[in-house]
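Residue numbering for the sequence shown follows the numbering used here, starting at 333 and increasing by one per position.
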Amino acid sequence: MAKTFSGGIHPPECKKQTEDKPFIHFPISERLVCLMSQHIGIPAKPIVKKDDKVKRGQLIGEAPGIVSCAIHAPTSGTVVAVEPVVHPLGRKMDAVIIQPDGEDAWLEDLGKSRGKIKKLTAQEILKIIQEAGIAGMGGATFPSHVKLSPPKDKVIDTLVINGVECEPYLTCDHRLMLDFAEEIIKGTRLIQAILGVKEIHIGIEGNKPDAFAKLQEAASKEETKDIHVHLLKVKYPQGAEKQLIKAVLNRDVPAGGLPMDIGVVVHNVMTTYYIYRAVYFQEPMTERYLTITGDGVENPQNLCVRIGTPISKILEYARLKPGSKKIILGGPMMGIAQYSTDVPVTKGTSGILVLQDVADMEFENCIRCGACVDHCPMKLVPSELSITLQRGRVDLAEQYHLMDCMECGVCSYVCPAKRPIVHFVKLGKAQIMKQRKAKGAK
Ligand code: SF4
Ligand code: SF4
């Protein structure tokens, strides 16, 4: 039987629209909007000003702390503004806006082969990754160099590479594994060199047997046979870190804990691929692969897009159908609905999903059916979370382990009363964070 975790759901996969479509390089837009916050942590600080000339890969936003990421120019051109713009999360945040010069010229040696990779030390590889501004590209956008620097008291023995892509509709990780299996293995070796781990596991969902075969073939060419590729049960959220670790290693991450607490570090396949590019080709993050899809576009595709490309341009290319009702960045389960098409592609934009039909937002009282409890992959009681949060009892919700909820959306999906449980959870968590910040400030 295919490996998996307990709980979860199997929503319609909806991947047929794009799973056979190879990547197309999207043309560079006439305006690239580079947000200073494209990662979890402190936003980068702009270090360029209006009228400055920049080259591709040039640092334009400096990371002001460890838990932050540097931002680089996605192409060569002129800075036309440094100003707040609408962020995919809804509020306005600082951005450097670049008008491309059409030359797409890299800064000095960037974009060229580095050579002598074997001579690099673990510390040097880590520094390259940090300077390249790589953030987790599976959607979480946690700075990769932080994940690769566990505290000294955490002994890491296993690396897990996440090729699951369990969100319905999205297929860019799938396509990446087909096109760049050997590069992903090379990136995996770089991460192994930093962490010093002996065991490596790659998890892929059962609906991508071709990607599984490609990675197995690439791993089998390696001298050391320490890379194990697993075909996992097709189930959502199989790609969530804790669920992936359970399926692949049968280890449990403790409540409130992190994979590093049980000796594991997880990296997404696309992050691994860009680590390879940063180290082998001296490339900071200036582009990413994504899927534009859904029944609201006539021309769904897998694309390679420069960071900062306005999503309006991609929607224009994919031919937005009239009457489309919802635009989501990411997948339907964990993605974020957008109210503006002015927002730009960021390091975390795994997909643009356009839907024609959306369910009405009316919800009813909980009927205590228990479906959400049966399916919650974190073994929480979502019904109680939603009821206590609806009543404003954040204190009680915290006792029901609110902060352990990973906002996967499984409970809302199965709820016959259509209760917006994740919405309540997000508001509750924001309130708790506010309270904690206020306490810390005293
Ligand atoms: S959103 Fe939270 S409460 Fe709901 S199923 Fe996922 S982890 Fe459980
Ligand atoms: S699935 Fe909905 S109705 Fe059923 S127990 Fe959970 S919150 Fe209540």
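A virtual CB, placed ideally from N, CA and C, is assigned to each residue, including glycine.
It should be emphasised that the depicted structure is a prediction, and the values quoted were computed from it without experimental measurement.
Opening and closing residue of the beta strand (DSSP E) in which Thr490 lies: Start and end: 490 to 495.
Straight-line gap, Ala695 to Leu527 (C-alpha atoms, nearest Å): Checking the sequence, you will find Phe at residue 695 rather than Ala. Going from the Cα of Phe695 to the Cα of Leu527 covers about 47 angstroms.
Residue from Thr410, Gln390, Ile430, Ser369 whose Cα sits closest to the Cα of Ser400: Among Thr410, Gln390, Ile430, Ser369, the Cα nearest to that of Ser400 is on Ser369.
Candidates Val754, Ala749, Thr641, of which the one nearest Asp692 by Cα: Checked all of Val754, Ala749, Thr641; the closest Cα to Asp692 is Ala749.
Whether Tyr745 touches Pro343 by CB criterion (8 angstroms): Yes, these two residues count as a Cβ contact at 8 angstroms.
Same chain, Cβ closer than 7 angstroms to Cys346, five either side skipped, listed in chain order: Closer than 7 angstroms at the Cβ level, and outside the excluded window around Cys346, lie Pro500, Tyr501.
Pro654: CB within 7 angstroms of a non-hydrogen atom of ligand 2: Checking the Cβ of Pro654 against ligand 2 gives no.
As assigned by DSSP and simplified to three states, the class of Thr520: When secondary structure is reduced to three states using DSSP, Thr520 falls in the helix class.
Proximal residues to Ala395 (C-beta, below 7 angstroms), its chain only, five neighbours per side dropped: Here the set comprises Ala376, Cys401, Ala402.
DSSP state of Ile461 mapped onto helix, strand, coil: Helix.
Cβ-heavy atom distance, Ala749 to ligand 2, below 7 angstroms: Yes, since a heavy atom of ligand 2 falls inside the 7 angstroms radius drawn around the Cβ of Ala749.
Same chain, Cβ closer than 7 angstroms to Gln548, neighbours up to 5 away in sequence not counted: Apart from sequence neighbours up to five positions away, the residues of its chain that approach Gln548 with a beta-carbon distance below 7 angstroms are Val561, ordered along the chain.
Simplified DSSP state of Asp558, which is helix, strand or coil: Asp558 falls in the coil class under three-state DSSP.
Backbone secondary structure at Gln431 - three-state DSSP: If DSSP states are grouped into helix, strand and coil, Gln431 belongs with the strands.
Three or more C-beta pairs below 8 angstroms linking the region 633 to 647 and the region 581 to 592: Judged by Cβ distances under 8 angstroms, the region 633 to 647 makes no contact with the region 581 to 592, as fewer than three pairs qualify.
Spatial distance of Arg507 from His599 (CA atoms): Roughly 17 angstroms between the two C-alpha positions.
Proximal residues to Lys381 (C-beta, below 7 angstroms), its chain only, five neighbours per side dropped: Closer than 7 angstroms at Cβ, skipping near neighbours: Val411, Val414.
Nearest-angstrom Cα separation, counted from Ile360 out to Ile430: CA-CA distance, Ile430 to Ile360, rounds to 11 angstroms.
Extent of the continuous beta strand (DSSP E) to which Gly621 belongs: The amino acid at residue 621 is misidentified as Gly; the sequence shows Tyr. Here the beta strand (DSSP E) through Tyr621 covers 619 to 625.
Thr450 versus Ile534 - alpha carbon distance: Before going on, a small fix: residue 450 reads as Lys here, not Thr. In this model, Lys450 and Ile534 are separated by some 23 angstroms (Cα to Cα).
Sub-8 angstroms separation of Val492 and Val585 beta-carbons: In this structure, Val492 lies away from Val585, with their beta-carbon atoms at least 8 angstroms apart.
Where Ala550 falls: helix, strand or coil (DSSP): Taken through DSSP and simplified to helix, strand or coil, Ala550 comes out as helix.
Beta carbon nearer than 7 angstroms to a non-hydrogen atom of ligand 1: Proximity to ligand 1 was defined by a C-beta distance below 7 angstroms to any of its heavy atoms, and the residues meeting it, in sequence along the chain, are Cys704, His707, Cys708, Pro709, Met710, Leu712, Pro714, Leu717, Cys737, Met738, Glu739, Cys740, Gly741, Val742, Cys743, Ser744, Ile753, Val754, Val757.
Given 8 angstroms, three or more beta-carbon pairs between the region 708 to 721 and the region 670 to 682: Touching, no.
Anticipated Cβ contact below 8 angstroms, Arg620 with Thr681, distance rounded: Contact between Arg620 and Thr681 holds: CB atoms are separated by about 7 angstroms, below the 8 angstroms threshold.
Beta-bridge pairing of Cys366 - partner residues as DSSP gives them: According to DSSP, Cys366 bridges with Val428.
Cross-strand partners of Ser400 (DSSP beta bridge): Residue pairing of Ser400 in beta bridges, as defined by DSSP: Ile374.
Bridge partner(s) assigned by DSSP for Cys636: Beta-bridge partners of Cys636 (DSSP): His357, Tyr621.
Host beta strand (DSSP E) of Lys658 (start-end): Its beta strand (DSSP E) spans residues 658 to 661.
Residue ranges of each beta strand (DSSP E) within the region 709 to 759, 3 or longer: The qualifying runs do not exist here; there are none.
Assumed close pair Ile753, Thr603 - CB separation to whole angstroms, cut-off 8 angstroms: Ile753 to Thr603, Cβ: 29 angstroms. No contact.
C-alpha distance - Asp489 paired with Phe512, whole-angstrom precision: Computed Cα separation, rounded: 26 angstroms.
Nearest-angstrom Cα separation, counted from Pro378 out to Ser552: Cα to Cα, the separation comes out at about 45 angstroms.
For Val418, three-class secondary structure by DSSP: It is a strand residue.
Three-state secondary structure (DSSP) of Pro475: In this structure, Pro475 counts as strand in the three-state DSSP scheme.
Simplified DSSP state of Ile577, which is helix, strand or coil: In the three-state DSSP reduction, Ile577 falls in the helix class (H, G or I).
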